[in-house]
Amino acid sequence: MTAISPHTLGVRNMVIAGESQITVQVKGDVSSYNLSVDGQQNFNIDTNRTIEITDSGHRAHIVRLDGYDYFDVLRKKVVYKAQDTY
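Just so you know, UniProt numbering puts 32 at position 32 of the sequence shown, and the rest follows in order with no gaps.
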C-alpha cells in the first residue's frame, strides 16, 4: 500500500501479506472522499463508510526477456535525463 500525497514524511509504503484483510474507515468533517484504485478507477465514497480490501485472486504474468534488464534501462534513462538538464 502506498499513500498518495502524504501530509507527513513519516508515512511509508507498507508490504502486506496476501491473505490479509484491510479495513479502512474515514471519519471527518467532509461529506465524502475520493477513493482511487490502482490509479485506474475512482469512487466517491460517503464519510463513515467502511472499505474492505482483500486479495482479488488475479495473478500478474510477467514476461522476462533474456538480455533485458529493466533497472539498467531505467538507470540509463535517468542518467541521460540528468545530463540533459545541466
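The C-beta atom is built at its ideal place from N, Cα and C for all residues, glycine as well. Remember, predicted model here, so these are calculated numbers, not experimental data.
- When secondary structure is reduced to three states using DSSP, Tyr33 falls in the strand class.
- Counted as a single uninterrupted DSSP element, the stretch harbouring Glu19 is not any beta strand (DSSP E), since DSSP gives it neither H nor E.
- Ranked by how close their Cα comes to the Cα of Ile62, the residues Asp55, Ser56 and Tyr70 have Tyr70 in first place.
- Ranked by how close their Cα comes to the Cα of Thr23, the residues Asp55, Leu9, Thr8 and Ser32 have Asp55 in first place.
- The DSSP-derived three-state label of Asp46 is strand.
- According to DSSP, Val24 shares a beta bridge with Ile51.
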